[in-house]
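Numbering (numbering that gives the first Met the number 0), first residue to last: 0 to 518.
Backbone N, C-alpha and C define an ideal beta-carbon position, used for all residues, glycine too.
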Amino acid sequence: MTKGPAVPEDPRQATTFPQFIRSTAAKFGDELFGRLEDGEGPDASLTYREIDERSAQMARGFLARGIGKGMRVGFIYGNSPAFVIVMSALARIGAVAIPISTLIKGNELVRVLRQSDVSTLIVQRELLGRDYVERLCEALPGLTEAGEGPLFLPQAPYLRWVISTGDNLPAAVLQLGDIVAGGDVVDESILLEVESEVHSSDQMIEIYTSGSMALPKGVKHNHGPVLFRAEYVGRMQGAKHGVESPCFLPMFWVGGLTITLLPNWIHGAPTLFTDKTNINSRSAMGTVLSDEDVAEMSKHMSRPYWGLGMTETLGPYSFGDDFRAPGRPMCAPMDHFADRYDIRIADENDQPVGDGEIGEMQVRGYPVTTGHHKIEKSEFFTDDGYFHTGDLCLVDGSRVHFVGRSGDMIKTASSNVSPAEVELEMQLLPQIENAYVTGIPDKERGQIVAAAVIASEGVGELDFAAIEAELRRNMSGYKVPRAYLQIEREDLPMLHSNKVSKRILADILVERLGRQDAA
Numbered sequence: 000m001t002k003g004p005a006v007p008e009d010p011r012q013a014t015t016f017p018q019f020i021r022s023t024a025a026k027f028g029d030e031l032f033g034r035l036e037d038g039e040g041p042d043a044s045l046t047y048r049e050i051d052e053r054s055a056q057m058a059r060g061f062l063a064r065g066i067g068k069g070m071r072v073g074f075i076y077g078n079s080p081a082f083v084i085v086m087s088a089l090a091r092i093g094a095v096a097i098p099i100s101t102l103i104k105g106n107e108l109v110r111v112l113r114q115s116d117v118s119t120l121i122v123q124r125e126l127l128g129r130d131y132v133e134r135l136c137e138a139l140p141g142l143t144e145a146g147e148g149p150l151f152l153p154q155a156p157y158l159r160w161v162i163s164t165g166d167n168l169p170a171a172v173l174q175l176g177d178i179v180a181g182g183d184v185v186d187e188s189i190l191l192e193v194e195s196e197v198h199s200s201d202q203m204i205e206i207y208t209s210g211s212m213a214l215p216k217g218v219k220h221n222h223g224p225v226l227f228r229a230e231y232v233g234r235m236q237g238a239k240h241g242v243e244s245p246c247f248l249p250m251f252w253v254g255g256l257t258i259t260l261l262p263n264w265i266h267g268a269p270t271l272f273t274d275k276t277n278i279n280s281r282s283a284m285g286t287v288l289s290d291e292d293v294a295e296m297s298k299h300m301s302r303p304y305w306g307l308g309m310t311e312t313l314g315p316y317s318f319g320d321d322f323r324a325p326g327r328p329m330c331a332p333m334d335h336f337a338d339r340y341d342i343r344i345a346d347e348n349d350q351p352v353g354d355g356e357i358g359e360m361q362v363r364g365y366p367v368t369t370g371h372h373k374i375e376k377s378e379f380f381t382d383d384g385y386f387h388t389g390d391l392c393l394v395d396g397s398r399v400h401f402v403g404r405s406g407d408m409i410k411t412a413s414s415n416v417s418p419a420e421v422e423l424e425m426q427l428l429p430q431i432e433n434a435y436v437t438g439i440p441d442k443e444r445g446q447i448v449a450a451a452v453i454a455s456e457g458v459g460e461l462d463f464a465a466i467e468a469e470l471r472r473n474m475s476g477y478k479v480p481r482a483y484l485q486i487e488r489e490d491l492p493m494l495h496s497n498k499v500s501k502r503i504l505a506d507i508l509v510e511r512l513g514r515q516d517a518a
């Protein structure tokens with residue numbers, strides 16, 4: 000007798016992805032699941048039932064190819080129903096789905112493939128003018144030379160198969176359509192049995208993230224926490240059955256996947272897959288937005304709120320409804336905390352700090368990551384299970400205020416300076432479009448505060464003496480940059496996560512300001 004997963008009538012009660020996808024198909028059926036903005040073809044618009052059926056056929060194809068529970072499979076896809084089908088096919092058979100940034104290039108791709116230990120990589124052949132098979136062949140020269148059969152490449156020693164959409168593929172690259180068709184040899188009863196062995200405590204996904212100071216890290220999350228957060232976030236954001244909601248954040252990161260797509264899905268809200276925002280915000284920003292930006296953006300938001308969150312916490316775990324108060328650091332106070340998180344603001348000895356003091360936000364709880372791939376848990380967790388977020392916060396009674404990132408803090412003449420706070424003040428000046436602040440070596444002070452500055456449109460050469468004078472009227476003197484560099488946007492060192500690399504930026508500042516001998 001075929002068992003299959005226990006499918007709840009209400010998708011919000013699902014604790015594994017196989018339960019979830021079958022439950023949503025049963026509940027919402029032929030209703031619109033999502034559509035690709037300006038898209039055409041069979042994958043441009045799909046129902047909940049079609050997502051279930053298409054991903055089930057693909058899952059059977061993966062099983063026929065030997066992909067199963069616990070196997071690590073990477074995929075490169077843009078925001079689309081096709082992304083959802085691939086991820087769903089992997090999750091429902093218990094494989095670990097590893098979405099990879101579509102922005103990734105050359106050596107970055109090799110590093111992620113090697114660090115992630117993926118055994119299979121699935122790619123969308125073309126997206127926005129990028130040919131990912133061509134990009135793979137450039138990054139992995141042995142791929143072009145390899146014939147049919149499993150791969151053995153020194154740059155990615157665990158990678159055995161590359162699968163792609165499209166035609167005219169290299170001999171070593173398998174055609175996704177052939178893999179899907181191959182699923183006909185796997186009976187539906189086998190898929191049901193496989194799905195019944197997927198548990199809430201099994202790893203579902205691994206999201207690669209990179210900070211401005213670090214190499215990419217694979218953040219692990221299990222089925223149960225991912226679905227718990229989808230229900231909670233959807234409820235918090237007001238996702239409504241049958242009401243379309245756009246997903247313009249990349250789904251290979253936590254913002255698009257667990258803050259938009261899955262919350263929409265679990266509540267029956269169709270998703271509009273797009274790469275366009277609906278808000279005319281600044282074209283680029285520093286660590287935070289200015290007060291004017293926040294006020295303008297809030298006009299277009301039904302429920303604006305501040306929040307702290309990250310990939311490791313499956314998105315925001317703290318919220319605040321107020322705007323930043325004068326005289327308080329960085330952003331609005333946060334006084335609401337999400338269900339099943341335990342938080343504390345702690346000192347360097349992991350002990351809670353007192354009212355009015357600054358410490359690190361530490362978080363533990365059901366939705367928090369189980370750890371990072373190939374990194375000892377002790378590197379990011381305390382002995383009693385709290386995750387080191389690296390966010391520095393000021394305790395203000397029952398509220399907390401974000402003041403900056405611990406790894407970004409500048410130590411100048413024994414004083415701590417938050418780059419984000421300095422960036423905020425600089426962005427208030429009309430002649431500055433954006434400022435990026437970091438510390439550079441100095442013999443006397445250890446470090447000095449330095450700023451790379453992009454001028455506002457129509458502004459020529461910046462008057463840094465005037466800028467410094469204005470900053471000194473609004474900030475403590477030790478926080479005011481002592482070194483400035485006017486820079487063009489295209490000269491900023493960007494990571495594939497679309498963040499500025501502060502480490503590389505510091506090197507650029509040292510070189511271009513002629514401070515090689517100041518260390």
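Assign residue i to buried or exposed, taking buried as 16 or more other Cβ atoms, counted over all protein chains shown, within 10 Å of its Cβ.
i    : result
S282 : Residue placement at S282 is poorly supported in this model, since its pLDDT is 29, which falls under 50; the coordinates still yield a value, given next. By the 10 Å Cβ count, S282 comes out exposed.
S188 : exposed
T14  : buried
R149 : Per the sequence shown, the amino acid found at residue 149 is Pro instead of Arg. It counts as exposed.
S377 : exposed
V117 : buried
L35  : buried
S500 : buried
R404 : buried
R488 : exposed
Q18  : buried
Looking at residue i: is its Cβ nearer than 8 Å to the Cβ of residue j?
i    : j    : result
P262 : T312 : no
D201 : H222 : yes
I92  : V193 : yes
G364 : N78  : no
V549 : F16  : There is no way to answer for residue 549, as the model of the chain reaches only from 0 to 518.
E420 : V402 : yes
M425 : A450 : yes
G217 : Q114 : yes
M57  : V83  : no
M250 : P98  : yes
S163 : L175 : yes
T257 : V225 : yes
V253 : I206 : yes
D390 : E359 : yes
Q485 : L461 : yes
Over the uninterrupted beta strand (DSSP E) stretch that includes residue i, give me the two end residues.
i    : result
Q446 : 445-454
A168 : The residue asked about is misnamed: residue 168 is Leu in this sequence, not Ala. That residue, L168, is in no beta strand (DSSP E); it is neither H nor E in DSSP.
D177 : Counting along the chain, D177 falls outside any beta strand (DSSP E), though it belongs to the alpha helix (DSSP H) covering 175-180.
I409 : 409-411
P10  : Neither: P10 is in no beta strand (DSSP E) and is coded neither H nor E.
A96  : 95-98
E432 : 431-441
V352 : V352 -> no beta strand (DSSP E), and no H or E assigned at all.
Y483 : 482-485
P245 : 244-246
Measuring only the C-alpha atoms, how far is residue i from residue j?
i    : j    : result
Q430 : T437 : 20 Å
E456 : A468 : 22 Å
D51  : L470 : 57 Å
Y340 : Q361 : 10 Å
D338 : F32  : 27 Å
V6   : S22  : 6 Å
I66  : K239 : 36 Å
L494 : V111 : 13 Å
A180 : A63  : 10 Å
Y47  : P80  : 11 Å
A505 : D407 : 11 Å
A345 : E125 : 47 Å
I466 : P332 : 29 Å
S317 : M309 : 11 Å
R53  : S195 : 19 Å
At which residues does the alpha helix (DSSP H) containing residue i begin and terminate?
i    : result
T23  : 16-27
F251 : Careful: F251 lies outside any alpha helix (DSSP H) and carries neither H nor E.
Q56  : 47-63
N415 : From DSSP, N415 is part of no alpha helix (DSSP H) but of the beta strand (DSSP E) over 414-416.
A464 : 463-473
T257 : Taken as a continuous stretch (DSSP letters only), T257 belongs to no alpha helix (DSSP H), as it is neither H nor E.
With DSSP as the reference, identify every bridge partner of residue i, one or two as the case may be.
i    : result
A155 : L152
E205 : K219
Q361 : R343, H387
I162 : I121, L173
G314 : M309
A90  : Answer is none; A90 lacks a bridge partner.
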